[in-house]
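The structure appears right after this line, and notes come after that.
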Amino acid sequence: MTKKNIEHLTEMSRLLRRDVVTMVHHAGDGHPGPALSVADIVTALYFDIMKFDPSRPDWPGRDRLILSKGHSCPTVYAALARLGFFSEEILPSLRSLGSILQGHPDMNKTPGIDMTTGSLGHGIAVGAGMAAASYLTGEKYWVYVITGDGELNEGIVWEAAQTAAHRHLSSLVVFVDHNGFQSDGPLAEVSGLVAIPEKFKVFGWHVQEIDGHNFTEILQATKRAQSERDRPSIIVAHTIKGKGVSFMEGDNSWHKRVPTADELKTALEELGGSQ
Amino acid sequence: MIQDMIASTRQAFSDELVELASEDSRIVLVCADSVIALRATAFADKYPDRLFDVGIAEQNAVAFSAGLAASGLKPFFGTYAGFITMRACEQIRTFVAYPHLNVKFVGLNGGIYGGEREGVTHQFFEDLGIMRSVPGIEIVVPADAGQVRKATRAIAQREGPVYLRIGSGRESVIFDESMDFEFGKARVLEQHGADASIFTNGPILKRVLQAAQQLSKEGIKTTVVEVHTLKPLDVETISDVLRRTGTAVAVEDHNIIGGLGSAIAEVIAETMPVPLVRIGLQDIYPISGEAESLLDYFGMGVKDIAGAVKKAIMKRDKLNWEKAKK
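Protein chains in written order, with my numbering: chain P, 121 to 395; chain U, 3 to 328.
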């Protein structure tokens, strides 16, 4: 983990954030807040951690990413475009008729998307299946899941948490984008969701808590997760919804809201650069 | 029909799956605490590392199966029909059917025959309607154990999701073992004549054949069509029979809304307008009881089927008479 590497990741996440606010503005629809909170985790995974081949998106030996919080997909689309899975010129077509970039991820329409998602709560269950399959197919790969914190309300999350631990699926690494908000407000107020690390601990998972905007911590936690041999790992990443754009940070109205032309201009100025 | 022989559709499925698994290492079984119910202990013994019992967690089982299929395996997920098609309906739709992943679903306790003494929670008569409304999933409803074996083999060879409906494990043997199973093809089974057509599928076919024979003795000559593949529907064969007979009865061990009767009504409305009478659960909840008496109780008796045919013929004749009058 070199200083140069961290600088590169920092620059890439800045670019992805610019792409995200621009895409949502052009689409006239989308979820900028949660797409920004997850940007550093997505950047670390795609620009450092994961192995894949953009010219062969269905390579059986690739690492998988399941974006369980599918509404954050503009960030992943931006990463895939910048990695060459498809042209960056496609990004502005997000959510428009005929685009390969659906409102929520579609594994059959977008090269590089490993699983169709959007209906919340399913990433860990599908990821457990993918991890279990690798023992039979002999393909060695990591399965990364990014789940929101709000979607941990879903019952299937805990069904899958039990399965993954019971089956010792150590190739499954889950990031929780723990920004503290769900659509209707703060987790503790809306649904009473608390003690996420403790819950996964008692389910038998390897649990870490990190700053989800600190690349050093993201990379180190991933390494530690990968050294687990007998149980799945979860990395509870504390993040800020809307991270990177001052007027979106911590303002949950940006969960699903479109920046106006002026707001986009301000956001891009704050994010800096011109690319 | 082979009289008085019982054979388990559950056992038939599991026997065939063991055989298929020996031929294709990608075939795996997913259960939701349903290994015993599926009669799949032989599979569990022979292929312990290819069995994924996730416990009583059907939504998880379906999403897990999607992950297996997305990684190159061919999972069969089996448990009670309603726990698949109702509890995990969205998982089937969004994570299997929409991405067209190769997961096969095996629903136990189909209909009143399947659920019988268990009561409503374990009697499933909406599964076919629910599955039919999900794009991209194929549906098969075999009539007996021998047909389940062949249907299991047939669906294993198809790429993409299929729902296979089976029963309680106490099904009458209807067909000789040599009877083939051609996926996607409606089977014109008995052609006593063209007075009326009877469309049916599943174990209730037994009663339809009895009714057709009885009617034949009374001089009413029907054509019996087994629509074992409910989706994709063999519209061509169905339309052809409708044209020849001019009136139809649909007999199904399912709610009359959404299943075979609805499918036939759609063909009738769009390609071959003729009268139709639907036999099945009349949009009500059943009760516990022994299977055969329950079917009689809920208007799916041989007598009821025969009566429905007569009613369908009367409807057609009345229509013809009104047409002639004009």
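Glycine residues also receive a C-beta, built at the ideal position from the N, C-alpha and C atoms.
Who are the Cβ neighbours of residue i in its own chain at under 6 Å, not counting the five residues just before and after it?
i	result
G232(P)	P177, L200, F205
A158(U)	L22
M235(P)	I186, M227, V246
I29(U)	L22, A23, K76
K376(P)	H151
Q216(U)	A308
A14(U)	A147, V150, R151
V265(P)	I186, S188, G243, I244, G247, V294
R184(P)	D234, M250, V263
S208(P)	Note that residue 208(P) is Glu in the sequence shown, not Ser. Only A201 meet the Cβ criterion.
Is residue i helix, strand or coil by DSSP?
i	result
K76(U)	strand
S358(U)	Nothing about residue 358(U) can be read from this structure; chain U reaches only from 3 to 328.
I220(P)	coil
G392(P)	coil
Q13(U)	helix
E348(P)	coil
R287(P)	coil
G282(U)	strand
K233(U)	strand
N257(U)	strand
K363(P)	coil
R167(U)	strand
Y299(U)	helix
E331(P)	Per the sequence shown, the amino acid found at residue 331(P) is Asp instead of Glu. Reduced to three states, the DSSP call for D331(P) is strand.
H194(U)	coil
G131(U)	helix
T224(U)	strand
I8(U)	strand
Look at the alpha carbon of residue i and the alpha carbon of residue j, and state the distance between them as a whole number of angstroms.
i	j	result
R138(P)	P180(P)	32 Å
L203(P)	P225(P)	17 Å
P101(U)	R160(U)	15 Å
P154(P)	T163(P)	14 Å
K208(U)	Y299(U)	17 Å
L339(P)	E309(P)	32 Å
D51(U)	G169(U)	27 Å
E271(P)	A63(U)	18 Å
F45(U)	V108(U)	15 Å
E184(U)	T239(U)	13 Å
A293(U)	R119(U)	7 Å
P317(P)	Q328(P)	7 Å
T232(U)	T123(U)	Sequence check: residue 232(U) is Leu here, not Thr. Answer to the nearest angstrom: the Cα atoms are 24 Å apart.
Y165(U)	T247(U)	31 Å
E18(U)	D182(U)	15 Å
T386(P)	T81(U)	55 Å
Of the residues the options, which one's Cα is nearest the Cα of residue i?
i	options	result
A253(P)	F107(U), V32(U), G169(U)	V32(U)
A284(P)	G249(P), T237(P), G300(P)	G249(P)
I203(U)	R155(U), A213(U), G261(U)	Per the sequence shown, residue 203(U) should be read as Asn rather than Ile. Closest option to N203(U), Cα to Cα, is G261(U).
V2(U)	G291(U), N104(U), D285(U), V253(U)	Any property of residue 2(U) remains undetermined from this structure, which presents chain U solely from 3 to 328.
G393(P)	T122(P), L136(P), I354(P)	L136(P)
S347(P)	E127(P), A387(P), S291(P)	S291(P)
A281(P)	K260(P), K321(P), E329(P), K363(P)	K321(P)
D350(P)	G370(P), A251(P), G362(P)	A251(P)
V229(U)	E128(U), A188(U), V136(U), D182(U)	A188(U)
I259(U)	L130(U), G57(U), T43(U)	L130(U)
M368(P)	P352(P), I354(P), F301(P), L313(P)	F301(P)
N273(P)	D331(P), S239(P), S219(P)	S239(P)
G291(U)	A34(U), G116(U), G74(U), G69(U)	G116(U)
P234(U)	G138(U), L283(U), C91(U), D306(U)	G138(U)
Can you find a heavy atom of the ligand HEM that lies under 7 Å from the Cβ of residue i?
i	result
L339(P)	What this structure holds is no ligand at all, so the ligand HEM is not there to describe.
Below 8 Å CB to CB, which residues in the same chain sit around residue i once its five sequence neighbours on both sides are set aside?
i	result
E179(U)	G148
Who are the near neighbours of residue i in its chain, counting only those whose CB is closer than 7 Å to its CB and skipping five residues on each side?
i	result
S133(P)	A159, D160, T163
K48(U)	V20
I266(U)	F201, I240, A250, A252, L278
Q93(U)	Q61, V64, A65
T195(P)	L136, V140, A155, V158, A159, V162
Next on the checklist: Against chain U, which members of the region 225–242 of chain P pass a CB distance test of less than 9 Å?
Outcome noted: For the region 225–242 of chain P, which is checked against every Cβ of chain U, the residues closer than 9 Å are D226, M227, N228, D234, M235, T236, T237, G238, S239, G241, H242.
Next on the checklist: To be precise: take each residue of the region 248–261 of chain P, compare its Cβ to all Cβ atoms of chain U, and keep it if any distance is under 7 Å. Which residues remain?
Outcome noted: Close to chain U, meaning a Cβ-Cβ distance shorter than 7 Å, are the following residues of the region 248–261 of chain P: A248, G249, M250, A252, A253, S254, L256, T257.
Checklist entry - For the region 13–41 of chain U, which residues have a beta carbon sitting closer than 9 Å to at least one beta carbon of chain P? => result The residues in question are S27, R28, V30, V32.
Item to check | Against chain U: residues of the region 124–152 of chain P by CB proximity under 9 Å | outcome: Going along the region 124–152 of chain P in chain order, one finds no residue with a Cβ nearer than 9 Å to chain U.
Next on the checklist: To be precise: take each residue of the region 137–163 of chain U, compare its Cβ to all Cβ atoms of chain P, and keep it if any distance is under 7 Å. Which residues remain?
Outcome noted: So nothing in the stretch comes that close.
Item to check | Near-chain P residues of the region 62–77 of chain U (beta-carbon distance less than 7 Å), N- to C-terminal order | outcome: For the region 62–77 of chain U, the residues whose beta carbon sits under 7 Å from a beta carbon of chain P are, in order, N62, A65, F66, S67, A68, G69, L70, A72, S73, G74, L75.
Item to check | Interfacial residues, the region 265–295 of chain U to chain P, with Cβ spacing under 7 Å | outcome: For the region 265–295 of chain U, no residue has a beta-carbon sitting nearer than 7 Å to a beta-carbon of chain P.
Checklist entry - Listed in chain order, which residues of the region 184–200 of chain P have Cβ atoms closer than 9 Å to some Cβ of chain U? => result Listed in sequence order: R184, I186.
Item to check | chain P contacts made by the region 84–103 of chain U, where a contact means CB separation under 8 Å | outcome: When C-beta distances to chain P are compared with 8 Å, the residues of the region 84–103 of chain U below that value are E92, Q93, T96, F97, Y100, P101, H102, in chain order.
Next on the checklist: For the region 338–349 of chain P, list every residue whose C-beta sits within 9 Å of some C-beta in chain U, in sequence order.
Outcome noted: Look at the region 338–349 of chain P: it has no residue with a C-beta under 9 Å from a C-beta of chain U.
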